[in-house]
Amino acid sequence: MPLRSRLAVMSAVAVTIAIGAVSLISYIAVRDRLHEQMDKSIAAAGGPAGDQHFHDLYGVKVTATSPCDPPNDHPRPPPGGGNEYHAAAAVSITYYSSAETCALPGSTEVVGTPGDLQVAGQQQGTGLWRDGVTTAGDKVRIEAVPAPNPSGVLLKSQPYQPIDDSLSSLAWLLFVVSLLGIGGAATAGLLVARAALRPVDVLTSAVEHVARTEDLSVRMPVSGDDEIARLSESFNAMTAALQSSRDEQKRLVDDAGHELRTPLTSLRTSIDLLIRSEESGRALPEGKRTELLTGARTQMRELTVLIADLLELSRPEQASQVTAPVAFHEVTARAIERVRPRGAAREIPVAITEDLRPWTTHGDGAALERAVVNLLDNAVKFAPPGSDVQVRLLNGSLTVRDRGPGIPPEELPHVFERFWRSPTARALPGSGLGLAIAARAARESGGTIAFERPHDGPGTIARLSLPGTAET
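FYI, full-length UniProt numbering numbers position 428 of the sequence shown as 428, with every residue one higher than the one before it.
Listed below in structure tokens is the structure:
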């Protein structure tokens with residue numbers, strides 16, 4: 001079933017339950033009220049409120065043997081002729097005793113039961129309520145009260161038929177109103193669902209369009225701050241992220257192709273010269289051959305490093321998902337030992353000094369070590385001959401300070417971009433991926449990385465800050 005149909009059905013069911021509950025409560029309330037009014041009418045009807053009162057109404061003397069045999073000097077009034085009795089909403093009165101039963105003038109006789117006689121001879125004001133039937137079988141409401149004759153009771157009654165007719169009419173009216181309400185609710189629910197889901201239909205069409213054409217430039221209009229607006233914002237954020245990821249992949253492929261072309265071209269040139277020398281039988285000078293082989297080995301090494309960097313950058317980031325504890329001071333110490341020989345191998349060695357305080361963080365130890373190695377490599381590369389690179393780790397903040405020319409302010413926003421290289425450093429070896437890899441490792445560990453200009457002289461300070469604790 002479509003979503004809008006389900007919403008319409010659920011609306012109709014909810015309204016059905018509500019209308020049914022209201023109708024049932026209304027029916028019960030009206031029924032109880034009518035029964036209450038009936039009891040009050042019966043209680044207020046003519047009866048032995050006093051001997052003279054009863055005698056005046058029905059022509060029956062208190063001294064009479066039975067109300068069923070009134071004296072001749074007091075003829076019975078015609079049915080409905082007693083003013084007070086006629087005003088009592090057609091309440092019938094029947095005399096009942098163990099010996100005889102009769103309806104008083106103008107009344108419909110009801111069937112008495114032996115239980116009614118328990119109020120016989122009691123004080124006036126005593127009554128017994130029950131449901132009963134007339135001699136014709138009609139349902140009536142009965143109040144049994146003491147009769148003037150102490151051996152019998154008077155059964156005051158009123159038929160249920162008018163109340164049953166009213167309740168039946170009320171039930172049909174409530175049923176019709178309920179059907180109209182349910183139908184209206186279903187129609188309104190369908191219209192409301194259609195209007196409410198129209199933005200979802202638009203969003204569905206947009207998603208289908210993206211799936212069919214792979215066009216990630218589609219954006220949904222956002223208005224308000226409801227769930228549909230949040231869904232549209234999420235869709236826009238998702239397509240923007242996918243578009244950015246696709247652009248990054250395209251730029252990575254383009255830049256990788258450009259960077260790979262240089263070492264591959266140089267390597268192919270060197271190998272072609274060596275093969276041509278072998279095929280022509282003309283041996284290259286020994287120095288030239290050695291130079292070509294050394295160059296080919298260098299290009300192979302750079303190519304290997306570049307491919308490893310590309311593989312590292314091509315994997316998806318997993319920020320804040322790696323929870324393994326890492327002793328960052330030990331990682332930094334290992335990185336220093338890896339880079340120290342490179343500084344010592346320069347024509348005029350560059351020393352590395354360290355001051356490392358214990359710090360434990362969470363992340364990928366290998367990725368963090370590689371990030372520190374890249375920062376140290378960068379510092380050693382630009383450090384003046386004979387200078388030193390200062391490495392300090394304090395409270396989770398690692399600083400790498402060199403005494404080189406520094407980074408111009410206009411270049412600082414670009415240092416962590418893939419394949420970006422300063423115009424002054426393009427003649428130096430490197431692929432331009434080391435700092436991008438370092439920034440990625442910092443993000444995955446929940447930290448930050450930045451370059452700063454020192455206040456006490458030339459050079460650059462690389463700062464890598466990671467959350468953690470000084471406890472080991």
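We put the CB at the ideal spot given by N, CA and C, even for glycine. Since we're looking at a predicted model, the values are computed, not measured.
Check, Outcome
"DSSP three-state assignment for T469, whether helix, strand or coil", "strand"
"Nearest to C68 (by Cα), restricted to the options I93, A45 and R198", "I93"
"Helix, strand or coil at G59 [DSSP, three-state]", "Note on G59: pLDDT 47, under 50, position unreliable in the model; the coordinate value appears next. In this structure, G59 counts as coil in the three-state DSSP scheme."
"C-beta atoms of G365 and I352 nearer than 8 Å", "no"
"Straight-line Cα distance separating T460 from G406", "5 Å"
"Local Cβ density within 10 Å of Q299, reported as buried at 16 or more and exposed below that", "buried"
"Cβ shell of E278 (< 7 Å), same chain only, five flanking positions each side left out", "none"
"Proximity of V389 and D402 at Cβ, strictly below 8 Å", "yes"
"Cβ neighbour criterion (16 or more within 10 Å) applied to A240", "exposed"
"Minimum C-alpha distance to V9 - residue among T187, V30 and W129", "T187"
"Segments of 4+ residues assigned as alpha helix (DSSP H) that fall wholly inside the stretch 94–132", "none"
"Reduced DSSP category for F175 - H, G, I as helix; E, B as strand; rest coil", "helix"
"8 Å Cβ shell around L356 - same chain, five flanking residues per side excluded", "H329, T332, A333, V391, R392 and L393"
"G132 vs V153 beta-carbon contact at 8 Å", "no"
"Endpoints, the alpha helix (DSSP H) within which A14 is located", "L3 to A44"
"Reduced DSSP category for T187 - H, G, I as helix; E, B as strand; rest coil", "helix"
"Extent of the continuous beta strand (DSSP E) run through E444", "Taken as a continuous stretch (DSSP letters only), E444 belongs to no beta strand (DSSP E), being part of the alpha helix (DSSP H) at G434 to E444."
"Integer-rounded CB distance, given that Q243 should sit under 8 Å from L203", "About 17 Å separates the two Cβ atoms, so there is no contact after all."
"Outcome for S445 when other beta-carbon atoms lying within 10 angstroms are tallied against a minimum of 16", "buried"
"Cα-Cα separation, D272 to E286", "17 Å"
"The stretch 171–181 contacting the stretch 189–199, beta-carbon criterion three pairs below 8 Å", "no"
"Residue from L7, D377, L34 and R370 with nearest C-alpha to A185", "L7"
"Span separating the alpha-carbon of S266 from that of L231", "52 Å"
"For A21 and G115, the rounded distance between their alpha carbons", "39 Å"
"Any C-beta of chain E under 8 Å from that of R31", "In the structure shown, chain E does not exist; there is a single protein chain."
"Secondary structure of R338, DSSP reduced to three states", "helix"
"As assigned by DSSP and simplified to three states, the class of A344", "helix"
"Assigned secondary structure, E214 (DSSP; H/G/I helix, E/B strand, else coil)", "coil"
"Spatial neighbours of I163 in its chain, beta-carbon cut-off 6 Å, leaving aside the 5 residues before and after", "L34"
"V222 beta carbon less than 8 Å from that of E214", "no"
"P221 (DSSP reduced to helix, strand or coil)", "coil"
"Cβ-heavy atom distance, A44 to the ligand ADP, below 7 Å", "You won't find the ligand ADP in this model; it holds no ligand whatsoever."
"Rounded C-alpha distance that separates E36 from V15", "31 Å"
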